[in-house]
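Protein chains: 2
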Amino acid sequence: MTLLDLLGRRMALRVLWELSNANAPLTFRELEAAAETNPSVLNKRLKELRDTQIVEHCKEGYCLTSEGRSLVALILPLHAWSESWASKLRTER
Amino acid sequence: MTLLDLLGRRMALRVLWELSNANAPLTFRELEAAAETNPSVLNKRLKELRDTQIVEHCKEGYCLTSEGRSLVALILPLHAWSESWASKLRTER
DNA sequence: CGGGATCCCCGACGATACTG
DNA sequence: CAGTATCGTCGGGGATCCCG
Chain A
161 MTLLDLLGRR MALRVLWELS NANAPLTFRE LEAAAETNPS VLNKRLKELR DTQIVEHCKE
221 GYCLTSEGRS LVALILPLHA WSESWASKLR TER
Chain B
161 MTLLDLLGRR MALRVLWELS NANAPLTFRE LEAAAETNPS VLNKRLKELR DTQIVEHCKE
221 GYCLTSEGRS LVALILPLHA WSESWASKLR TER
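Read top to bottom, the protein sequences are chains A and B.
The working numbering numbers the first residue of the first sequence as 161 and each following residue consecutively.
The working numbering numbers the first residue of the second sequence as 161 and each following residue consecutively.
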């Protein structure tokens with residue numbers, strides 16, 4: 161599985177986003193609510209993200225590993241780019 | 161469609177990669193060979209990439225737009241990260 | 001509360017044949 | 001050479017139920 165494979169899947173980025181915005185670890189149910197998803201998908205994503213050591217299951221919930229945090233840092237510019245790109249495409253049509 | 165949706169699809173990154181490494185525009189058949197894919201998938205990806213103005217159909221083939229080039233620039237660090245990440249995971253198991 | 005099991009559905013993929 | 005049409009296959013998404 162490639163990185164973009166993983167990140168492209170439903171709720172993968174959303175989970176990273178929610179975790180990076182929380183100052184405390186989030187529980188399974190909290191994540192489920194925050195990401196507005198169902199246990200099935202959330203469970204699959206978390207398993208993949210744990211397997212790849214981007215997220216870990218620490219005491220009292222899930223949080224980003226240091227790897228995960230460095231990845232999020234790289235994604236932010238990409239996210240910014242995609243925002244302006246999306247709005248640009250929208251206004252053109 | 162979101163950016164990662166688009167980039168996560170088969171051959172999307174590969175096409176960007178091949179185009180960014182070519183110093184001249186590539187024809188449909190050349191891209192097909194370079195990316196080791198079939199016309200069906202290539203056609204779909206090119207259509208999406210053209211719609212979103214990341215790739216354009218210039219004289220004598222396909223090439224990146226300036227948008228496309230700025231996107232590729234942002235992806236490179238991510239790519240580097242994923243390389244070391246993949247090899248790290250591999251050696252750990 | 002955490003998370004695995006099941007089941008259905010739909011859309012992406014991929015091969016190939018075909019047309020302008 | 002460029003691109004479209006067709007069709008079977010496969011895997012992910014999502015809802016829901018259930019057990020420890």
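Glycine is no exception: its CB is placed at the ideal position from the N, C-alpha and C atoms.
Original post:
Given that B:Trp241 touches chain A, what residues does it touch there, using C-beta distances under 8 angstroms?
Top reply: Taking the second sequence and counting its residues from 1, the one referred to as residue 241 of chain B is at position 81. Against B:Trp241, the close residues of chain A are Leu163, Ser230, Leu231, Leu234, in the order they occur along the chain (beta-carbon pairs closer than 8 angstroms).
Original post:
Which value, in whole angstroms, describes the spacing of the CA atoms of B:Ala194 and B:Asn181?
Top reply: Position 34 of the second sequence holds residue 194 of chain B. Position 21 of the second sequence holds residue 181 of chain B. The alpha-carbon atoms of B:Ala194 and B:Asn181 are separated by roughly 11 angstroms.
Original post:
Across which residues does DSSP place A:Gly221 in a beta bridge pair?
Top reply: The sequence position of residue 221 of chain A within the first sequence is 61, counting from 1. For A:Gly221, the pairing in a beta bridge is given by DSSP as A:Cys218.
Subject >> C-beta atoms of B:Leu236 and B:Leu179 nearer than 7 angstroms >> reply: To locate residue 236 of chain B, count along the second sequence from 1; it is residue 76. To locate residue 179 of chain B, count along the second sequence from 1; it is residue 19. In this structure, B:Leu179 does not lie closer than 7 angstroms to B:Leu236 by Cβ.
**OP:** Using a Cβ-Cβ cut-off of 7 angstroms, state whether B:Leu167 counts as contacting chain A.
**Re:** Taking the first residue of the second sequence as position 1, residue 167 of chain B is located at position 7. So, interface residue.
Subject >> Bridge partners - A:Leu186, DSSP secondary structure assignment >> reply: What you label residue 186 of chain A is simply residue 26 of the first sequence in a count that begins at 1. Answer is A:Tyr222, bridged to A:Leu186.
Original post:
Counting along the chain, where does the alpha helix (DSSP H) carrying B:Glu178 start and finish?
Top reply: As a working note, residue 178 of chain B is residue 18 in the second sequence. 172 to 181 is the extent of the alpha helix (DSSP H) around B:Glu178.
Original post:
Do you know how far the Cα of A:Leu166 is from the Cα of A:Leu209?
Top reply: Translated into positions along the first sequence, residue 209 of chain A becomes position 49. Translated into positions along the first sequence, residue 166 of chain A becomes position 6. Linking A:Leu209 to A:Leu166 through their CA atoms gives a straight-line distance of about 8 angstroms.
Subject >> Per-residue contacts from B:Pro199 into chain A (C-beta, under 7 angstroms) >> reply: Locating residue 199 of chain B in the second sequence gives position 39, counting from the first residue. For B:Pro199, there are no neighbours in chain A by C-beta distance under 7 angstroms, as the nearest C-beta there is about 23 angstroms away.
Subject >> Identity of the residue in A:Gly228, A:Lys204, A:Val201, A:Gly221 nearest A:Val215 by Cα >> reply: Numbered from 1 along the first sequence, position 55 holds the residue referred to as residue 215 of chain A. Minimum Cα-Cα distance from A:Val215 among the listed residues A:Gly228, A:Lys204, A:Val201, A:Gly221 corresponds to A:Gly228.
Original post:
Alpha carbon to alpha carbon, how far is A:Lys204 from B:Arg250?
Top reply: Mapped onto the first sequence, residue 204 of chain A falls at position 44. Mapped onto the second sequence, residue 250 of chain B falls at position 90. Looking at the two C-alpha atoms, the distance is approximately 21 angstroms.
Original post:
Cα separation between B:Val201 and B:Leu234?
Top reply: Numbered from 1 along the second sequence, position 41 holds the residue referred to as residue 201 of chain B. Numbered from 1 along the second sequence, position 74 holds the residue referred to as residue 234 of chain B. Cα-Cα distance, rounded: 25 angstroms.
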